[in-house]
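J.: Chains as they are written, first to last, in my numbering: chain A, 2 to 502; chain B, 37 to 550; chain C, 4 to 753; chain D, 61 to 158; chain E, 64 to 242.
Just so it is clear, CB atoms sit at the ideal spot from N, CA and C, and this is done for glycine as well.
In this text the structure is predicted, and so the values were computed from the model without any measurement.
1. Starting from residue 370(A), find everything on chain D with Cβ-Cβ shorter than 7 angstroms and list it in chain order.
2. In chain order, what residues of the same chain lie with their CB nearer than 7 angstroms to the CB of residue 644(C), ignoring the 5 residues before and after it?
3. Does any CB atom of chain D fall closer than 8 angstroms to the CB of residue 81(E)?
4. Count the other C-beta atoms from every protein chain shown that fall within 10 angstroms of the C-beta of residue 301(B), then say buried if there are 16 or more, exposed otherwise.
5. Quick one, which residues of the region 260-286 of chain A are near chain B if we go by CB-CB under 7 angstroms, in chain order?
6. Where does residue 555(C) sit, in a helix, a strand or coil, going by DSSP?
7. What residues from chain D crowd round residue 738(C), counting only those whose CB sits closer than 7 angstroms?
8. Which one of 369(C), 546(C), 618(C) has the shortest CA to CA distance from residue 512(C)?
9. From the DSSP output, read off the bridge partner residues of residue 133(C).
10. With residue 536(B) and residue 203(C) assumed to form a contact (beta carbons below 8 angstroms), what rounded beta-carbon distance in angstroms separates them?
11. Give the straight-line distance between the Cα atoms of residue 267(A) and residue 145(A), rounded to the nearest whole angstrom.
12. On the three-pair Cβ rule with 8 angstroms, is the region 284-298 of chain A touching the region 122-135 of chain A?
13. Interface residues of chain A around residue 46(B) at Cβ under 9 angstroms?
14. Taking the CB atoms as reference points, tell me whether residue 342(B) and residue 388(B) lie closer together than 8 angstroms.
15. Looking at C-alpha atoms only, which residue of 233(B), 48(B), 488(B), 283(B) is the closest neighbour of residue 419(B)?
16. Can you tell which of 182(B), 203(B), 112(B), 391(B) has the C-alpha that lies nearest to the C-alpha of residue 54(B)?
17. Compute the beta-carbon to beta-carbon distance between residue 158(C) and residue 52(C), rounded to the nearest angstrom, for a pair I have assumed lies under 8 angstroms.
18. Do we get a CB-CB distance below 8 angstroms when we pair residue 163(A) with the residues of chain D?
19. Which runs of the alpha helix (DSSP H), 4 residues or longer, sit entirely within the region 462-495 of chain C?
20. Taking residue 331(B) as part of the alpha helix (DSSP H), name the residues at either end of that continuous run.
21. Can you tell which of 502(B), 403(B), 344(B), 372(B) has the C-alpha that lies nearest to the C-alpha of residue 544(B)?
22. Which whole-angstrom value is the C-beta distance of residue 577(C) and residue 400(C), which I expect to be below 8 angstroms?
23. With distances taken between CB atoms, is the gap from residue 461(C) to residue 603(C) smaller than 8 angstroms?
24. Beta-carbon within less than 7 angstroms of residue 226(E)'s beta-carbon, same chain only, minus the 5 sequence neighbours each way: which residues are those?
25. Below 8 angstroms on the Cβ atoms is my contact criterion, and I expect residue 153(A) with residue 234(E) to pass it. Report the Cβ-Cβ distance as a whole number of Å.
26. Just checking residue 43(C) against the ligand PLP - is the residue's beta carbon closer than 7 angstroms to any of the ligand's heavy atoms?
Structural data, given as structure tokens:
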């Protein structure tokens, strides 16, 4: 065997198991889940959520050890796979989002007669994909990880199998996703063709050496579109509201947070490790990002004004937020040290508050069986705790200090204004306007909860199971903490500064 | 203890109410009495710390920041947890910690419909934290954070416990203010970079903005403009005032009181401390004419607005537009004289209009309407309340010997001689118009007083047993305010002496070459 | 000297009374015992005021006349006054006049020489102050300024107030707000005293406004009836209009005098040409607006008759001693400002004189057509205030104050008398329909009333004669004055004629005119009131009769007055020094003019006589038979018939014209045009308020905001239609967007 | 051989695929059109691979694997739709909109 | 091996390969168009086989034997079968059906497709104007190189794709099964 290997010139790649530990744990967890299901059959269902929760928590452990280890930047496979602190932060974001999603799902899935252990398997797979994508610095790695995080999510979106809405949600998501994948792939192929390498850093160098050809421009555009779909940037957003509304709500939470963040991470990888290094690529990235960002925030927020369903409203709000998160990319070339942290910070805070909001929606729906805004009427009377939590999350989404969202928006704004280009100023103004528009519909929710009378005077309290409570606690603590002491987050997010750009 | 308070007093006073709110959250809703006691204790504790600060404050150094706190906060954006109190902030700080306990006391039996004392009081306490924090913050970002904290509790106070149009009013309030803050924060950021201070500390920004060539003239004017919109909405100045009558009219009594007494002051305080205090004189001088014209329009406009009202509370609300116009008139002169007057005006307006809203609220509770057409003969039905209303009207129209006069008259006086470099003709014209505004003030306030208090009660209320005279919680809540109105009316020096040293620094900043 | 440095006690006492009465309240004090506190405090204040007056007299009559300009500031605390401070430091230099155009007529040196030559002793005002507050670099003091003028007012105010207090204890007995009434009476007195003692203009504003407040509270004392509260509002708001002038005027003075509020400073600087003429002119015009409202001058006087809605003692107080004279007092206080600002010296017309003269005449015309006795008196006050303002306007400073002094007594007497009548006669003031024939029933009231009327009409030797004559002389129309104000003289003479006439008419209606026509509501026949009403009447009538002797001319009808009697008032009250216009700027005193005195007396008598003939003619008819029987009587009758002829002439032609078309027109003008303008301004304000509010505020300003919101929502709604739910449309959007973006990009990148 | 002839062929296939997904309403046919697009990408990758290193072909292999997975998932979903609706016309999926 | 069949050994002129390419390309385009236009579902599947086969031939032309073989195996062997199963299971109309297209979409789809094509061709022609495809002259395959690469540089994607397939499998089963 060894001889054969030697003859073929194949050398076993140096493996840094420590760096790969989170992924290994996740993969092992997936196997365990399948095994439990296979061995215990029906009885295993009860453990599925616990196991997946534990697996996710276990995966956090190596993240911590990696974070405190001396070698903060580990590069594997010739730079195709990098574990640095920003990657760790993002992995942590994904894994914890995954954990919160598990908490949100526990009762939902158990009580809804779904396929439980398979659900968690797919969820974990998706989280694994996200974890991988945050380290991948190579076209193929990114592509495969992207597919791994997408394909299971298509399926869990349709998980409420007999519900035609859920089916529709899943199918729309799937088809649009595949379109996006195809465009992404086409773009990647051109990128590879133009540079001759699949490594982002090499691509960056090669593209830099020559001038940007139309094909490169096209490639960059197609790549951005491919991921733009994932982050539901307008005009590639159309799946999002429908899917969010139709999918099981915990899945929606997962899609709107983890999956969207993964899209951003992919874009960040491309922009920061590849395009950013040369100005001609930037010439392509900036206008494209500008258009996507401006359209997303405006269209998303405007349509959200008209929504009566909380989930659908959150979908559009997510589209609008995506516009905000994208915005700093227009100054990425000159202001890398501000743009990147501000996006990462936004992602983290956005995840916390959005998951929290969905958590409240799920909790409230336990009583109302509905996600209409009007179903939340008078919630102050029947669920004061949830009302306060929801208000915190809504306030955070609006961006009111000192609740997390303000700092997210603030940091984006700050980098835009610091960039001091026409593009960035325009976006800063748009964000200001959109913040006000957005406030209107977020307020509608608080209005229903606080100001209206309970429907039919029904003020029986809602029963919130412990897992949901835990999820809400995690998200609200994170939301508040990041708002009051943003330095907790900024210190971690600022690390990419040290990466030598 | 003393050392601790010297080091952390401002943080303590800021967060004490929040601690109270947290405690209250842990107490079940049914324990209403306990809730009230906790709220009262928390706010009184803050008042006690406030009094301690008042006692320990070094009045000889009233121009400089005292009780300073300066700790690490958000390193990456160079923002620090920096607080301090000087002669400008001190009166407002004390006003805040004094008003809130009174509001809590007033609420003792007056939790407006739909009840829920717990939520109501918690929101008030959160509000208090926000207001105190804004007055003591010495870092722009910290200021901004506190400035915004105020938003939500007020929104809920209006929206849940307000009148019929409460939802509209609440949202209007919210969106207006939010819009203003958006521009304000942009201005802060722009100032941060363009000045090159690399810090959000007010003093450092002040110094950095004055380095020759640091800020171009255009940049100065634009940055000031951003701040202007943010603060002008809060003040509110014409034409950004339309949220105010709605918010005031719809807010529950305590909400109106806090809104009038404290929240509006955030705007004017911002003008003094930040817009004028930090920005170089070029910007202030460019904007001062705008300020003076808008504030003068506000004075007349607010008065006319009052005259057109049929609802007592709305009338009082509109009068705020006019009164804050006087305050802004003082500020726009960019002189120490005018700004002192403005600060006095802020406190006086807080006391007086706060009282007016208290009375209006109590009347609403008794009459269930504030339609001027239906009111009348308050002096017959509830003579004490009627006289209190008359007293407050007199104070509000700027009668000498009561606090209102010392905010109004010196402001008008200051407008005669604005800071060097400002158009005397313009300011003097505005001064005369503002002086005419005082006639209107007398007109609408007395008209209101006549319609509500004189004459005999209308038939529908003639023998209404609900119309009782001032109750005990009302007395407790009102007496300190009434006494303060007289006290400051007779001894204006109590406040002017405190604010003067600090204001001189601000005025010097706004002066040519300052 | 103690009295001179501690006059603050005088306003402090009634203030104390106000606080005490208010705090003790009805419950502790009992329903009708507030007056004891009030009366005793005012009495003490009066005694103190008398003491102060005594001290001032001895202070002014010091043995060695002080002639140095510097000495004038000897008792001015340098803390209070910048001028005093610099005088103390630099001596004469600090107050040397600046030679400017408007003082060119009489040069600097000449003035000096004259002053020294005349050997006139300088007034030495006593100014004490304490720091009140400071703002920026400006210091604000509170203090007292004692000179002849303020001493005079102290005495007048406390005296009238005391009498009114006593009178009220009977008059408003049993009123539902008795306690209240006294509390505000106290505050009213205190405010006026505070105003009078003001050391600086800011303090004056405070006192001025407080007086306004009290008048509001007292006029609206019976606020249950809407007309009363309307009147109170009208009074306050009209005063506020004038206050604008006061505020602006004092502010201008503050700055142009170099940042000082001090009256002495302002006066000295105005007098020595250190304030520009423009500033003085503008300031004095602004201040005139204040005078017009406060002192009920024409155009802004309409509140005054309405203010009769208040209890009568209040009217007496307002019209005699407090409130309305505040305007006169203020002008007198800041006289150099007006003197130089309006160039009173050597001129023949100025705003102040015109306002005063017009008011004097118009007021008296208006008094003709009133049925309400208090309104007659109110218009009379308007007219008399016009006299005072004219006096100030023509430069007859002393005359103005002298008239203020005498007028206070007889007008108070008249008002209290009117109150006494109404108190006895069923609480009506309608003299035409509800009174009549009271001469016998109320003799004390009758006599005091007649004396006061005589004084008002200017009948020799009652007080009004002296003071009015001084004013007429002061116009310089008939002899040497500060200027030559012919028009003022003519107007005032006409006014004097009317005054005598309408007052006589009042007497006819009230005391004669057949039998009592009113209804006492079951209190039996009208009868004289008790001593608490009668005694003040007697005191006031006495003073009204003799007060004129305070300023006897030096020489009258060839008789030299002894030095100790002549011009005592002028000597004690009129300031001399750099803080007051002196001879140097053409300020002189008109001498007593025999011709004018007799002329004016004749005018007054003519007024009385004509009215007498007109009204009493019905009483003459029973004498017809007598005339048939008696030759003397026949002669008398013929004379009377001749008089009749004249009567006809006067009645139908002159009086008729005056009474009907002119006065009615004036009244119509007053009620419709002026009131109309005032009401119209109010209505316009309200109407424009509605326009502003409904259209602009709710429409435009709010509309823009709401419109934007609606627009955004609707756009959102439109956009959300693109979200059709159809997968393939999404796909089209997806690929089309990709293609278009790609196309644009490729073309752009090349 | 020019590399462009392969690339253009791929582009044509890509666009035909795009046309396909836009007009086809039958779910299975849409999936087929997607295969056209994915294969176009593969042609690209392999064509570029001749110019550069082997990673183009590796990429193509991965794409084939992923495409298989996608088709599998897609068909499963089509079946799911068919179960409840008895139709796989994708334009009948319009319950969620707005 | 197949390159050798095409005479790659003595390959200097591009003529034969070009001819082959032209034929294959023409067939592919035709077949592809038929896939998206035919009114018979089964025909579409069969045309798809043609296109996929054509792609495989193109791989061969490009000397990527391993990929070509995989293409044949996976696509033609598996995926097309899957499609046919899909057609059967969904009881698609086996004959001609007008119901397969959304006719209203045709114009816009054509416009989008042509626009896309224009843009892509423009970009491609501008970029790779006349670059030639280099040819290995040896008959040796690069399969080893391929496997080396997969198991070293692309190890992680390889492992990930296995998880992906597993997940897809599990999910597809759950979704597709009756329950």
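T.: Working from what's here:
1. If you number the first chain from 1, residue 370(A) lands on position 369. Result: empty, since nearest Cβ-Cβ is about 18 angstroms, beyond 7 angstroms.
2. Taking the third chain and counting its residues from 1, one reaches residue 644(C) at position 641. For residue 644(C), the predicted structure reports a pLDDT of 42, less than 50, and the residue's modelled location is therefore unreliable. The matter cannot be settled from this model.
3. To locate residue 81(E), count along the fifth chain from 1; it is residue 18. True, the Cβ-Cβ gap to chain D drops below 8 angstroms.
4. Working through the second chain from its first residue, we reach residue 301(B) at position 265. Residue 301(B) comes out buried.
5. none
6. Indexing the third chain from 1 puts residue 555(C) at position 552. In the structure shown, residue 555(C) sits in a strand (DSSP, three-state: E or B).
7. Against the third chain, residue 738(C) aligns to sequence position 735. Going along chain D in sequence order, the residues near residue 738(C) (Cβ under 7 angstroms) are 78, 82.
8. Counting from one through the third chain, the residue named residue 512(C) turns up at place 509. Ranked by Cα distance from residue 512(C), the options 369(C), 546(C), 618(C) are led by 618(C).
9. Taking the first residue of the third chain as position 1, residue 133(C) is located at position 130. Partner(s): 145(C).
10. Translated into positions along the second chain, residue 536(B) becomes position 500. Translated into positions along the third chain, residue 203(C) becomes position 200. Residue 203(C) and residue 536(B) do not touch by the CB rule: their CB atoms are close to 19 angstroms apart, not below 8 angstroms.
11. Numbered from its first residue, the first chain carries residue 267(A) at position 266. Numbered from its first residue, the first chain carries residue 145(A) at position 144. Each residue's alpha carbon lies about 12 angstroms from the other.
12. no
13. Numbered from 1 along the second chain, position 10 holds the residue referred to as residue 46(B). Here the premise fails: no neighbours, minimum Cβ distance about 17 angstroms.
14. Here the question's residue 342(B) lines up with position 306 in the second chain. Here the question's residue 388(B) lines up with position 352 in the second chain. Between residue 342(B) and residue 388(B), the CB-CB gap reaches or exceeds 8 angstroms.
15. Taking the first residue of the second chain as 1, we reach residue 419(B) at position 383. Ranking 233(B), 48(B), 488(B), 283(B) by Cα distance to residue 419(B) puts 488(B) first.
16. Position 18 of the second chain holds residue 54(B). Restricting attention to 182(B), 203(B), 112(B), 391(B), the CA atom closest to the CA of residue 54(B) is found in 182(B).
17. For this step, residue 158(C) is matched to residue 155 along the third chain. For this step, residue 52(C) is matched to residue 49 along the third chain. For a cut-off of 8 angstroms, the C-beta gap from residue 158(C) to residue 52(C) is around 5 angstroms, short enough to register as a contact.
18. If you number the first chain from 1, residue 163(A) lands on position 162. So, interface residue.
19. Listed in chain order, they are 466-477.
20. Within the second chain, residue 331(B) is the residue found at index 295, counting from 1. It spans 317-343 - the alpha helix (DSSP H) in which residue 331(B) sits, taken as one unbroken run.
21. Here residue 544(B) refers to the residue found at position 508 of the second chain. Nearest of 502(B), 403(B), 344(B), 372(B) to residue 544(B), Cα basis: 372(B).
22. Taking the first residue of the third chain as position 1, residue 577(C) is located at position 574. Taking the first residue of the third chain as position 1, residue 400(C) is located at position 397. Taking C-beta atoms under 8 angstroms as the contact rule, residue 577(C) and residue 400(C) qualify, at a distance of about 6 angstroms.
23. For the purposes of this step, residue 461(C) is taken as the residue at position 458 of the third chain. For the purposes of this step, residue 603(C) is taken as the residue at position 600 of the third chain. Yes, these two residues count as a Cβ contact at 8 angstroms.
24. Counting from one through the fifth chain, the residue named residue 226(E) turns up at place 163. Closer than 7 angstroms at the Cβ level, and outside the excluded window around residue 226(E), lies no residue.
25. Counting from one through the first chain, the residue named residue 153(A) turns up at place 152. Counting from one through the fifth chain, the residue named residue 234(E) turns up at place 171. About 6 angstroms; that satisfies the 8 angstroms criterion.
26. Only the bare structure without any ligand can be found here, which leaves the ligand PLP out of the picture.
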